[in-house]
Amino acid sequence: MKTIIIVLILSIFNFKSFAVDGEYICHVNQLVSYKSLANRILNVSHQLDKITELKNKGERVLALKQIQYANRDIARFRKVLAKSNFCYSLKDKVDYLKVQSLKFELTLSLDQRELKKTDTCGYFIEKIKVSIENSRSIANKPHEQYVEISRSLRKTNHILAKKSCSKVQKKELGMIFDKQTVYLDKLYLKVKS
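Each position in the sequence shown, counted from 1, maps to that position plus 1 in this note's numbering.
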């Protein structure tokens, strides 16, 4: 009888210690579910970095595909979140993940809107112009400027070979290509001497 009373008292104290501040031990499946959600959000964060990199390279179509993948991951996140019921100790962490998902979703929609404003060739022309401005900003470093202009010339040549540009866009790209080629020749002579 004494052992039953001792076990009963110990179990009451153990239960009370878990419930004093409102926290209690989470089930393993809740922890696994939380880690899965956190990994999904981390994956979306990596995809956003990749989208930024693709946008800077002028890869509009690939960036749009990456946005679709990221949106799909956010949708899966929401689906898992709706099915899950988290314990008190994970509520704040899950709320943070919700806020992050909303922030990422907003960023993705803004990126998508920006990328859909122009066609591939128009977007590429904008990026080439930015690249030209960047090369002019490093005018005191002829070696770096030479490399930057060479890259923009390769990109321009690559897009000229594609059939996605209109005649007007190809003419504009041709003029940019010619100006950059002349400037590159001058830089070559400057670097060589």
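The beta carbon of each residue, even a glycine, is placed where N, CA and C say it ideally should be. These numbers were taken from a predicted model, which means no experiment stands behind them.
- prompt: Span of the alpha helix (DSSP H) holding residue 153?
  reply: Where residue 153 is concerned, the enclosing alpha helix (DSSP H) stretches over 143-162.
query: At a cut of 8 Å, does the stretch 94-109 reach the stretch 145-160 through at least three beta carbon pairs?
result: No, they do not touch.
field: DSSP-derived helix/strand/coil call for residue 86
entry: coil
query: Contact between the stretch 121-130 and the stretch 69-89: three or more CB pairs below 8 Å?
result: no
field: Secondary structure of residue 60, DSSP reduced to three states
entry: coil
query: For residue 165, which of helix, strand or coil comes out of DSSP?
result: coil
- prompt: Using 8 Å as the threshold, is the stretch 44-64 in touch with the stretch 87-94, meaning 3 or more CB pairs across them?
  reply: no
- request: May I ask you to report which of helix, strand or coil DSSP gives residue 50?
  value: helix
query: To which residues of the same chain is residue 192 closer than 7 Å at the C-beta, ignoring the five residues directly before and after it?
result: 143, 144 and 147
field: Same chain, Cβ closer than 8 Å to residue 135, five either side skipped, listed in chain order
entry: Same-chain partners within the cutoff: 149.
query: Beta-carbon separation of residue 75 and residue 109 under 9 Å?
result: yes
query: residue 157: buried (16+ other C-beta within 10 angstroms of its C-beta) or exposed?
result: buried
query: Mind checking whether residue 120 and residue 165 have CB atoms under 9 Å apart?
result: yes
query: Would you report the Cα separation of residue 122 and residue 169, rounded to the nearest angstrom?
result: Between the C-alpha atoms of residue 122 and residue 169 there is a straight-line separation of about 11 Å.
query: So, helix, strand or coil for residue 120, using DSSP?
result: coil
- prompt: When the distance is taken between beta carbons, is residue 105 closer than 9 Å to residue 46?
  reply: yes
message: I believe residue 87 touches residue 41 by the beta-carbon criterion, under 8 Å. Please report the beta-carbon distance rounded to the nearest angstrom.
response: So it is not a contact: roughly 15 Å between Cβ atoms.
- prompt: Who are the Cβ neighbours of residue 80 in its own chain at under 7 Å, not counting the five residues just before and after it?
  reply: None.
- prompt: How big is the Cα-Cα spacing for residue 53 and residue 44?
  reply: When rounded, the distance between both Cα atoms is 14 Å.
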